[in-house]
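For the protein sequence lines, the chains are U and C, in the order given. Heads up, the first sequence is in numbering that gives the first Met the number 0, so the first residue is 0 and it goes up one at a time. Heads up, the second sequence is in numbering that gives the first Met the number 0, so the first residue is 0 and it goes up one at a time. Cβ atoms here follow ideal geometry from the backbone N, Cα and C, with glycine treated the same way.
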Amino acid sequence: MAYKPEIEALVLGALREGPLHGYRIAAAIKAKSEGVLKLGDNQIYPILHRLEEEGLVSAEWQTQLGKPARKVYALTASGSGRLETHKKNWLEYVSTFSSVIGAEGVGNV
Amino acid sequence: MFEQNVQFEIDLYIRNLGQELDVQGLSPNRIEEIVREARCHLDEAMECAGAKNATDARRVLAEFGKAKRMAAQHGAEMNRPRKEKFLWPAAVLLFLMTFHEGFWTTHIWYYVTVSLWVGSALFFWFGFRGRKPIVSQFVVCMVAFVAVQTAWNTALTVPTVFTSGEILPVGIREVEHETALLQQTQTKLEAGVTEIQQGMRLFTESNKDRAVPSTFRYGTGYWVPEGIRELQLSIPASELHPSLHVGTWEEAVKEWTGKGNFAGPVDAIRISRADQSMIRSGFENLAWIQHQPITVRAAIAYIASLRRAGVYLALALVTANSGWLFWQLTYLLRVSRRRRGIQARFEIG
Chain U
0 MAYKPEIEAL VLGALREGPL HGYRIAAAIK AKSEGVLKLG DNQIYPILHR
50 LEEEGLVSAE WQTQLGKPAR KVYALTASGS GRLETHKKNW LEYVSTFSSV
100 IGAEGVGNV
Chain C
0 MFEQNVQFEI DLYIRNLGQE LDVQGLSPNR IEEIVREARC HLDEAMECAG
50 AKNATDARRV LAEFGKAKRM AAQHGAEMNR PRKEKFLWPA AVLLFLMTFH
100 EGFWTTHIWY YVTVSLWVGS ALFFWFGFRG RKPIVSQFVV CMVAFVAVQT
150 AWNTALTVPT VFTSGEILPV GIREVEHETA LLQQTQTKLE AGVTEIQQGM
200 RLFTESNKDR AVPSTFRYGT GYWVPEGIRE LQLSIPASEL HPSLHVGTWE
250 EAVKEWTGKG NFAGPVDAIR ISRADQSMIR SGFENLAWIQ HQPITVRAAI
300 AYIASLRRAG VYLALALVTA NSGWLFWQLT YLLRVSRRRR GIQARFEIG
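Given below as structure tokens:
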């Protein structure tokens, strides 16, 4: 068993509470990870565009008063399915790894 | 509205990003969308960070990440779907080639045929399209191929092993026919040896005026020893190489006494004897193998399939990965050409 940490999972996870635009997605990842996960904000955009093409997220440009329009992304049904798969794989990975290194309690996430 | 120096840093970043995206070969529409989104992000980030000067702006930009890296990631994502689905059609090609010749005939693996050239070209194309090194899919194809061919040959053929180590599967229904054919060839080879020995006695300088049997004649000229050997194997005279007959008695004597340009009678006999020995071992093995349990036949079929599959696997691996290497090269050349060619044609904003 192997789990390859993916930004895709983080992006989908950030969107699970509702539609967000790019800046807010990056901010949500930072806030939730309390600064532990260090990734350039711009790394999320190539992933977002691919997810949009694959139909895992939907996107629309929203106009703002006195400011340029921004692109807001939302999780689709298939995106939620993919997120569940990521969760399952991650939990399996953590559980296995924890039992090997003797940190079972820590692995109960 | 930001301070002028903050705005300048944003504009500079956006211009670089546009150029790098262009270098990666993204479409203008996609570039415009990415740039628009990046600008939106940076505006908000600057606002939230309260950027007042160039130093603040650079700190925010550093947090956002380098333009070149972002563009490269977009380029990689653009190529990603093509990496997923490209080589499996190669399996179809492989099995088509095998079915084309039939599982029981393996000559395709020995001769450089049009099929091999076409196959190589297709593998090259798959490698080029694949945009990544390819190994595992070939292994899967080959395992499947070896398994199917081993099962097929075990069930429906009798492997004939020759002294040269060559294993040729003979269809079970064709064993009698194959045996008869080998016996005929054996007889013909023996007749050829006898005739060559007769020729050795005939073609001497002192025999010039003696009548020469028609077997040794070709029009007004004479066959050389290798010509006689090949004629005895029922190869039509019209298909033999012109150098296998000579025009004059003197030339014929030269060839028949081993002083000519081609294999002399001793060599021709040696070749025939070697062929006979190979066929004899084929006979013996054919007789032996027919009484062996299926496991032994399967093992021989497996060895034969594995050897051929190995040769083909190597060929396919080389050609497919050459295609990938070629793509890498052209990609790097394209990027470098674009980088050189791009002037500041991207308009800020």
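Local conformation of residue i per DSSP, three classes
| i | result |
| --- | --- |
| A262/C | coil |
| L50/U | helix |
| S321/C | helix |
| H290/C | coil |
| E59/U | strand |
| P168/C | strand |
| V245/C | strand |
| V139/C | helix |
| T256/C | coil |
| V117/C | helix |
| V134/C | coil |
| W103/C | The pLDDT assigned to W103/C is 40, lower than 50, so where the model puts this residue is not dependable; a value taken from the coordinates is nonetheless given after this. Note: W103/C maps to coil in three-state DSSP. |
Closer than 8 Å to chain U by CB, residue i
| i | result |
| --- | --- |
| G170/C | no |
| G340/C | no |
| H176/C | no |
| I33/C | yes |
| A303/C | no |
| M141/C | no |
| H351/C | There is no way to answer for residue 351/C, as the model of chain C reaches only from 0 to 348. |
| A146/C | no |
| Q18/C | no |
| G379/C | Outside the shown range of chain C, which is 0 to 348, sits residue 379/C, and nothing can be said about it. |
| F7/C | no |
| R130/C | no |
| M69/C | yes |
| G309/C | no |
| G64/C | yes |
| Q23/C | no |
| H73/C | yes |
| R79/C | yes |
| E76/C | yes |
| E36/C | yes |
| A48/C | no |
| E173/C | no |
Continuous alpha helix (DSSP H) stretch holding residue i: start and end
| i | result |
| --- | --- |
| P212/C | Note, P212/C: premise wrong, no alpha helix (DSSP H); not H, not E. |
| L188/C | V174 to L201 |
| H240/C | Careful: H240/C lies outside any alpha helix (DSSP H) and carries neither H nor E. |
| E8/C | Q3 to V22 |
| L25/C | Per DSSP, L25/C belongs to no alpha helix (DSSP H) and is neither H nor E. |
| L60/C | A53 to F63 |
Test: residue i CB closer than 8 Å to a CB of chain C
| i | result |
| --- | --- |
| Q42/U | yes |
| K70/U | yes |
| R49/U | yes |
| G39/U | yes |
| G134/U | Outside the displayed span of chain U (0 to 108) sits residue 134/U, for which this structure offers no information. |
| G21/U | yes |
Contacting residues, own chain, Cβ-Cβ under 6 Å from residue i (five flanking each side not counted)
| i | result |
| --- | --- |
| Y311/C | none |
| W103/C | Because the pLDDT of W103/C is 40, which lies under 50, any placement of that residue in the model is unreliable, and the question is left without a value. |
| A27/U | A13 |
| T153/C | R296, A297 and A300 |
| F137/C | L312, A315 and L316 |
Extent of the continuous beta strand (DSSP E) run through residue i
| i | result |
| --- | --- |
| P67/U | K66 to L74 |
| G220/C | G220 to W222 |
Same chain only: Cβ atoms within 8 Å of residue i, ignoring 5 sequence neighbours per side
| i | result |
| --- | --- |
| S135/C | none |
| T105/C | Unreliable positioning characterises T105/C in this predicted model, as indicated by a pLDDT of 42, which lies under 50. A coordinate reading is not provided. |
| R209/C | L201 |
| V265/C | G257 |
| Y110/C | Low confidence applies here, because Y110/C scores a pLDDT of 48, under 50, leaving its location unreliable; read the following figure in that light. Here the set comprises nothing. |
| L243/C | W222, V223, E225, G226, E229 and F261 |
| V409/C | Not covered by the structure: residue 409/C. The range shown for chain C is 0 to 348. |
| I24/U | V10, A13, L14, I43, L47 and Y72 |
Contact set for residue i: own chain, Cβ-Cβ below 7 Å, skip 5 residues either direction
| i | result |
| --- | --- |
| I133/C | L86, G126, A319, N320 and W323 |
| V252/C | F202, T203 and E204 |
| L38/U | I6 |
| I13/C | V34, A37, R38 and I347 |
| L181/C | I278, G281 and F282 |
Check your understanding: Can you list, in chain order, the stretches of the alpha helix (DSSP H) that have 4 or more residues and sit fully within the region 7-50 of chain U?
Key -> 21-32
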